[in-house]
Amino acid sequence: MNINVTNTPDLLTIALAGRLDTATSPDFDNQVAQYLTPANVKDIVIDCSELEYISSAGLRSLIIVLKAAKGAGHTVRLTGVKEQIRTVLDMTGISSLFK
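Numbering follows UniProt numbering, in which position 29 of the sequence shown is assigned residue number 29; successive positions increment by one, without gaps.
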């Protein structure tokens with residue numbers, strides 16, 4: 001899993017590559033935690049164009065990001081979602097939670 005975070009004054013972009021699963025979600029959680037504090041949270045874009053697989057642990061990580069942003073009045077948008085990932089998001093009902 002590769003995670004690339006770009007933090008600008010108005011937007012946080014998180015680009016994911018590889019697998020977001022049980023083995024990699026703790027690293028994801030740790031890397032983005034500093035950006036999810038009430039003082040730091042802002043609108044977030046999660047670039048999934050290079051994400052190959054997501055497990056329930058990965059879905060949990062996305063929901064943590066979503067809850068932090070929405071709790072502070074911000075949005076989270078998923079971009080570049082591949083069909084396989086979109087199917088998982090749709091089947092679990094999670095896709096409707098993201099902008």
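By construction, the Cβ of each residue, glycine as well, lies at the ideal position given by its N, Cα and C atoms.
> So is GLY58 buried or exposed if we call it buried at 16+ other beta carbons inside 10 Å?
Replying inline: buried
> Less than 8 Å separating the beta-carbons of LEU66 and ALA17?
Replying inline: no
> Can you list, in chain order, the residues of its chain whose CB lies under 7 Å from that of GLY80, leaving out five sequence neighbours each side?
Replying inline: ASP47, CYS48, SER49
>> According to DSSP, VAL45 sits in a beta bridge with which residue or residues?
In response: THR13, ARG77
> Exposed or buried, what is VAL32 when buried is set at 16 or more other beta-carbons lying within 10 Å of its beta-carbon?
Replying inline: buried
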